[in-house]
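Data first, discussion second: the structure below is written as structure tokens.
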Amino acid sequence: MSFVIEARGLGKQYGRRWALRDCTLALPAGRVVGLVGPNGAGKTTLLHLTVGLLAPTSGSIRVLGTPPAEGPEQLGRVGFVAQDTPVYARLSVAQHLRMGAWLNPSWDRQIAESRIEKLDLDPRQRAGTLSGGQRAQLALTLAIAKRPECLILDEPVASLDPLARREFLRSLMEVVAAQGMSVVLSSHLIADLERVCDYLVVLAGSRVQVAGEVSELLASHHRLSGARRDASSLPASQEVIEESHTDKQSTFLVRTSDPVHDPAWTVRPVTLDDLVIAYMSRPAACERAHQPQLKVMS
Amino acid sequence: MIRFTWLQFRVQARVAVAALLAFAVVLMVTGPHLAGMYAGSGITACHGGACEAAAGRFLSRLAITGPYPIVYELGIGLILAVPAIVGIFWGAPLIARELENRTFALAWTQSITRTRWILVKLALTGLAAVAVTETLSLIYSWWAEPISKAISLQGPYPVASEFGGGRLSLVIFASHGITPLGYAAFGFALGTATGALIRRPVPAMAVTLAIFAAAQIAMPLRIRPHLIPPARTIASGPSFVQSAGVNLGNLTATVVPGQPGAWIISSGAINAAGQPVTTVPAPCIPPPPAKPPDPGHCMDSRGIREAITYQPASRYWPFQWIETGIFLALALVLAAFCFWRLGRRRT
Numbered sequence: 031m032s033f034v035i036e037a038r039g040l041g042k043q044y045g046r047r048w049a050l051r052d053c054t055l056a057l058p059a060g061r062v063v064g065l066v067g068p069n070g071a072g073k074t075t076l077l078h079l080t081v082g083l084l085a086p087t088s089g090s091i092r093v094l095g096t097p098p099a100e101g102p103e104q105l106g107r108v109g110f111v112a113q114d115t116p117v118y119a120r121l122s123v124a125q126h127l128r129m130g131a132w133l134n135p136s137w138d139r140q141i142a143e144s145r146i147e148k149l150d151l152d153p154r155q156r157a158g159t160l161s162g163g164q165r166a167q168l169a170l171t172l173a174i175a176k177r178p179e180c181l182i183l184d185e186p187v188a189s190l191d192p193l194a195r196r197e198f199l200r201s202l203m204e205v206v207a208a209q210g211m212s213v214v215l216s217s218h219l220i221a222d223l224e225r226v227c228d229y230l231v232v233l234a235g236s237r238v239q240v241a242g243e244v245s246e247l248l249a250s251h252h253r254l255s256g257a258r259r260d261a262s263s264l265p266a267s268q269e270v271i272e273e274s275h276t277d278k279q280s281t282f283l284v285r286t287s288d289p290v291h292d293p294a295w296t297v298r299p300v301t302l303d304d305l306v307i308a309y310m311s312r313p314a315a316c317e318r319a320h321q322p323q324l325k326v327m328s
Numbered sequence: 068m069i070r071f072t073w074l075q076f077r078v079q080a081r082v083a084v085a086a087l088l089a090f091a092v093v094l095m096v097t098g099p100h101l102a103g104m105y106a107g108s109g110i111t112a113c114h115g116g117a118c119e120a121a122a123g124r125f126l127s128r129l130a131i132t133g134p135y136p137i138v139y140e141l142g143i144g145l146i147l148a149v150p151a152i153v154g155i156f157w158g159a160p161l162i163a164r165e166l167e168n169r170t171f172a173l174a175w176t177q178s179i180t181r182t183r184w185i186l187v188k189l190a191l192t193g194l195a196a197v198a199v200t201e202t203l204s205l206i207y208s209w210w211a212e213p214i215s216k217a218i219s220l221q222g223p224y225p226v227a228s229e230f231g232g233g234r235l236s237l238v239i240f241a242s243h244g245i246t247p248l249g250y251a252a253f254g255f256a257l258g259t260a261t262g263a264l265i266r267r268p269v270p271a272m273a274v275t276l277a278i279f280a281a282a283q284i285a286m287p288l289r290i291r292p293h294l295i296p297p298a299r300t301i302a303s304g305p306s307f308v309q310s311a312g313v314n315l316g317n318l319t320a321t322v323v324p325g326q327p328g329a330w331i332i333s334s335g336a337i338n339a340a341g342q343p344v345t346t347v348p349a350p351c352i353p354p355p356p357a358k359p360p361d362p363g364h365c366m367d368s369r370g371i372r373e374a375i376t377y378q379p380a381s382r383y384w385p386f387q388w389i390e391t392g393i394f395l396a397l398a399l400v401l402a403a404f405c406f407w408r409l410g411r412r413r414t
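Which chain is which? The protein sequence lines are R and H, in order. Under this note's numbering, residues 31 to 328 are what the first sequence spells out, in order. Under this note's numbering, residues 68 to 414 are what the second sequence spells out, in order.
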């Protein structure tokens with residue numbers, strides 16, 4: 031299996047604060063990976079490390095097999111849409127496309143122009159006067175017209191209204207389907223990503239809490255409720271992600287690869303939303319969340 | 068990257084070229100008449116002492132003729148100000164605006180390395196800054212040539228002082244020759260580095276102005292006099308004082324004997340014992356009804372001499388090269404700082 035991003039013990043420190051710590055990840059190629067976490071969790075730091083805007087303080091990262099921003103070729107293989115989709119306010123849409131063509135040998139003029147036409151953008155309009163949605167679309171156009179193998183988007187829809195949000199994600203999925211590239215996109219809301227991503231990374235407290243295939247994550251997590259009992263009484267194969275108790279009742283969100291047979295429990299499936307919230311609020315160590323699959327103890 | 072740099076820079080470049088052209092037109096229109104006045108003043112055909120008188124007459128007339136004094140001072144002011152303007156409006160926003168608007172994330176993720184991006188930006192805009200300033204300096208020198216020639220012909224005791232001193236005088240030196248080039252490179256690099264450090268254009272502009280102004284003042288007053296160890300001489304004899312080589316108020320020298328156009332760094336009278344003398348001794352000032360004094364003979368007979376440290380006029384070009392070299396070296400250091408500051412570990 032080939033990986034878009036391979037990080038090993040990756041960390042970035044600002045002064046005394048670690049923005050990202052001990053991050054070990056291997057994101058498979060050909061997926062749409064959602065990177066979810068609360069604000070300040072280290073998402074932007076991780077993505078900036080990925081595109082080479084930052085260098086790591088510790089550990090290493092490889093993107094498409096090479097260190098990020100190693101040279102022009104590597105930069106050309108990765109497309110990036112930064113947070114708040116910055117563009118040059120005083121340059122026109124057409125001038126942005128010219129910039130893309132000048133600075134990227136792999137630039138596909140046709141993709142760029144047909145997208146601008148389809149989006150109904152006036153090429154002569156200054157980027158500073160575009161709406162948030164149009165600006166995001168322009169930034170996306172710039173990132174995909176260089177025909178990257180991997181597209182990275184940092185909170186691309188955070189500042190968009192719901193309509194523009196849907197429109198943006200729809201056009202993103204069209205591109206992914208047409209060009210077949212790997213995508214990593216971040217958001218602080220799982221709702222934004224639920225429909226588009228098939229792989230999920232939850233980042234909280236500067237550490238990766240969980241990473242995995244969406245379908246696998248949903249299959250391996252269960253909500254158990256029943257008479258009150260302590261988390262330590264659960265079998266070792268069931269990792270407790272979240273627990274809540276009332277006087278008489280206990281509810282656990284557990285991760286396990288085994289079916290839950292204990293008749294004392296009412297077992298319900300979890301939604302992606304539940305799962306993400308549980309991991310986001312869990313103060314857990316990166317490596318613990320990263321243990322591949324817990325061994326079955328008999 | 069060159070084309071894209073131009074795309075981002077062209078508005079500023081056009082403003083600069085338009086301003087340069089406007090000033091060039093002023094010089095073109097007034098230049099021929101100025102040259103005509105010079106030719107008509109009899110300087111070109113003069114000999115010996117007549118030249119001093121002719122140059123003095125020419126400058127005195129020029130000082131009250133229409134726009135010339137204004138254009139002369141405006142030109143010097145512009146040449147001194149353009150490096151600061153370039154630093155503030157080209158240098159300071161060059162990187163700071165990309166950082167403030169976060170467009171660096173767009174720029175540095177195209178298929179071009181960050182090093183190359185910084186290199187092209189600095190080199191092209193920096194060359195433009197140097198070219199604009201030096202062009203301005205060259206066309207101005209062409210225009211002011213009759214004035215410069217007349218000043219140098221005027222001899223040690225200028226009749227007209229409206230046009231400043233010789234080539235080594237503080238303001239004239241920095242606005243002529245090759246030094247404007249050094250100042251331009253320095254001003255631009257200073258602005259860029261300040262912008263890279265502060266990361267916001269407006270504060271960077273203010274800091275650039277402050278530092279540049281400090282450098283522009285410190286250089287002639289504190290640094291330039293010592294770039295080459297100054298020469299020393301002791302001027303003595305009655306004729307020296309008599310011929311008004313000494314300011315009788317505080318006994319400082321106004322000329323260096325045998326060194327026309329020399330730049331006096333410091334001077335003062337000393338007595339036979341080598342101690343400083345700051346006023347004309349009382350016996351050398353006869354009471355009012357007496358005939359005008361001859362302080363020269365009187366002081367000379369008391370062993371009072373003038374000690375002068377100075378830079379000879381012949382050092383003009385060495386000084387030009389050294390000062391330009393210093394500012395070019397500073398510009399390179401500041402440019403290197405930009406690369407360091409924008410490194411991936413610090414962004």
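Built from N, CA and C at the ideal position, the CB exists for glycine as well.
Which one of the options has the shortest CA to CA distance from residue i?
i: R312 of chain R; options: R:L57, R:L219, R:V205, R:I271; result: R:I271
i: V81 of chain R; options: R:L151, R:G235, R:L215, R:R154; result: R:L215
i: R412 of chain H; options: R:R285, R:T74, R:T87; result: R:T87
i: A195 of chain H; options: H:I214, H:G232, H:S178, H:I152; result: H:I152
i: T376 of chain H; options: H:G363, H:I295, H:P348; result: H:I295
i: L149 of chain R; options: R:P192, R:G163, R:T159, R:S122; result: R:G163
i: V187 of chain H; options: H:R291, H:A86, H:V323, H:T72; result: H:T72
i: A263 of chain H; options: H:G231, H:A403, H:A163; result: H:A163
i: W330 of chain H; options: H:A280, H:L237, H:L409, H:A340; result: H:L237
i: A166 of chain R; options: R:A119, R:P135, R:A207; result: R:A119
i: P265 of chain R; options: R:R177, R:P289, R:D303, R:L247; result: R:P289
i: I143 of chain H; options: H:N168, H:L203, H:I284; result: H:L203
i: Y44 of chain R; options: R:E246, R:S262, R:S236; result: R:S236
i: T170 of chain H; options: R:L121, R:S136, R:W132; result: R:L121
i: H78 of chain R; options: R:Q104, R:A59, R:K42, R:A56; result: R:K42
i: R266 of chain H; options: H:E165, H:I290, H:R291, H:L288; result: H:E165
Can you list, in chain order, the residues of its chain with a C-beta nearer than 7 Å to that of residue i? Leave out the 5 residues immediately preceding and following it.
i: G304 of chain H; result: D367
i: I185 of chain H; result: C405, F406, L409
i: L257 of chain H; result: G154, G158, T275, I278, F279, L401
i: V197 of chain H; result: L248, A251, A252
i: M272 of chain H; result: I155, A159
i: A80 of chain H; result: A195
i: I179 of chain H; result: M68
Distance, Cα to Cα, residue i vs residue j?
i: L233 of chain R; j: S189 of chain R; result: 20 Å
i: Y105 of chain H; j: V84 of chain H; result: 30 Å
i: D260 of chain R; j: T276 of chain R; result: 12 Å
i: R372 of chain H; j: T111 of chain H; result: 38 Å
i: Q335 of chain R; j: A148 of chain H; result: A query on residue 335 of chain R cannot be resolved here, the shown segment of chain R reaching from 31 to 328 and no further.
i: R145 of chain R; j: T171 of chain R; result: 7 Å
i: Q10 of chain H; j: V96 of chain H; result: Because chain H spans 68 through 414 in this model, residue 10 of chain H falls outside it and cannot be assessed.
i: A308 of chain R; j: L65 of chain R; result: 15 Å
i: G82 of chain H; j: E243 of chain R; result: One detail in the question is off: residue 82 of chain H reads as Val in this sequence, not Gly. Spanning the two alpha carbons is a distance of roughly 57 Å.
i: A172 of chain H; j: I218 of chain H; result: 56 Å
i: S250 of chain R; j: R107 of chain R; result: 34 Å
i: R318 of chain R; j: D52 of chain R; result: Interpretation of R318 of chain R is limited by its pLDDT of 44, a score under 50 that renders its predicted location unreliable; the figure taken from the coordinates is listed afterwards. Approximately 11 Å, taken between the alpha carbons.
i: A396 of chain H; j: A380 of chain H; result: 25 Å
i: P268 of chain H; j: V123 of chain R; result: 24 Å
What residues in its chain sit with their C-beta under 8 Å from that of residue i, if we drop five residues either side in the sequence?
i: L101 of chain H; result: L129, Y135, W210, P213, I214
i: S90 of chain R; result: A37, R38, G39, L40, P97
i: A403 of chain H; result: none
i: A91 of chain H; result: I206
Return yes when the C-beta of residue i is under 8 Å from any heavy atom of the ligand ZN, and no when it is not.
i: Y135 of chain H; result: Absence of the ligand ZN from the depicted structure is noted, as is the absence of any ligand whatsoever, leaving it without description.
Whose C-beta lies closer than 6 Å to the C-beta of residue i among residues of the same chain, with five residues either side of it excluded?
i: R181 of chain H; result: W175
i: I141 of chain R; result: A175
i: L76 of chain R; result: L50
Give a yes or no on contact between the segment 185 to 192 of chain R and the segment 106 to 125 of chain R, applying the rule of three or more CB pairs nearer than 8 Å.
-> These segments touch.
Taking a cut of 8 Å between CB atoms, which residues from the segment 122 to 139 of chain R lie near chain H?
-> Residues of the segment 122 to 139 of chain R with a C-beta less than 8 Å from any C-beta of chain H: Q125, R128, M129, G130, W132, L133, N134, P135, S136, listed in chain order.
Does the segment 336 to 353 of chain H come within contact of the segment 248 to 262 of chain H, defined as at least 3 CB pairs closer than 8 Å?
-> no
Of all the residues that make up the segment 174 to 203 of chain R, which are near chain H by a beta-carbon distance shorter than 7 Å?
-> K176
Chain R contacts from the segment 157 to 177 of chain H (Cβ-Cβ distance under 7 Å) | N168, R169, T170, A172, L173, W175, T176, Q177
With contact counted as at least three CB pairs below 8 Å, one residue from each stretch, are the segment 253 to 267 of chain R and the segment 277 to 284 of chain R in contact?
-> A contact exists between the segment 253 to 267 of chain R and the segment 277 to 284 of chain R.
Return the residues of the segment 92 to 112 of chain R that lie within a Cβ-Cβ distance of less than 8 Å from chain H, sorted by chain order.
-> Only those residues of the segment 92 to 112 of chain R whose C-beta falls short of 8 Å from the nearest C-beta of chain H are listed: A99, G101, P102, E103, L105, G106, V108, G109, F110, A112.
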